[in-house]
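Each remark here refers to the structure printed beneath this line.
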Amino acid sequence: MRTLTFILILFLFSNCSKNKELTTDNPCHQAMKDRFDSELKCTEKDKMEVNLYSGKYEENDLYFPMTMCPSCNTIPPQFGYTCAGQKINISDFNTKVTDIKQIYNSCTKKFVD
């Protein structure tokens with residue numbers, strides 16, 4: 089009986105540590121990761137990644153997936169979402185979106201602090 093209890097406790101703790109890697113204390117970051125989950129992917133680290141980012145656009149905090157591929161000719165995000173779930177189209181991403189920060193890395197499968 090003690091062996092079974094020990095195995096059960098060990099299993100529960102190992103699952104908790106795995107789940108901690110995939111979550112964040114910021115509910116908005118988690119919601120945006122879940123919203124864009126099907127788009128976030130890693131083909132090869134530092135060569136082809138689609139990660140989750142945040143930035144400021146016209147006084148809104150936006151979240152959007154962005155492709156990181158140094159040798160690719162990619163277009164910038166065309167839209168993003170606010171924490172409230174409002175979709176906002178982005179015009180002229182390269183000059184109007186500021187304070188861009190990575191939120192989630194699809195290769196490490198971890199939130200960035």
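Sequential numbering of the sequence shown, starting at 89, is according to the numbering used here.
Where a beta carbon is used, it is the ideal one built from N, C-alpha and C, also for glycine.
Since this is a predicted model, take the numbers as computed values, not measurements.
### Task
Look at the Cβ atom of ASP149, then the Cβ atom of CYS171, and state whether they are nearer than 8 Å.
yes
### Closest by C-alpha distance to LYS144, when choosing among LYS121, LEU128, ASN161, GLN190
GLN190
### Query
With a CB to CB cut of under 8 Å and the five nearest residues on each side skipped, what residues in its chain are close to GLU109?
Legend: pLDDT at GLU109 = 48, less than 50; position of this residue unreliable, value from coordinates given subsequently. So the qualifying residues of the chain are LYS197, LYS198.
### Message
What residue range does the alpha helix (DSSP H) around PHE181 cover?
### Response
181 to 184
### Query
Helix, strand or coil: which one does DSSP assign to CYS130?
strand
### Query
Between the C-alpha atoms of SER142 and LYS121, what's the straight-line distance to the nearest angstrom?
Each residue's CA atom was taken as its position, placing SER142 and LYS121 some 11 Å apart.
### Query
Is GLU146 helix, strand or coil by DSSP?
coil
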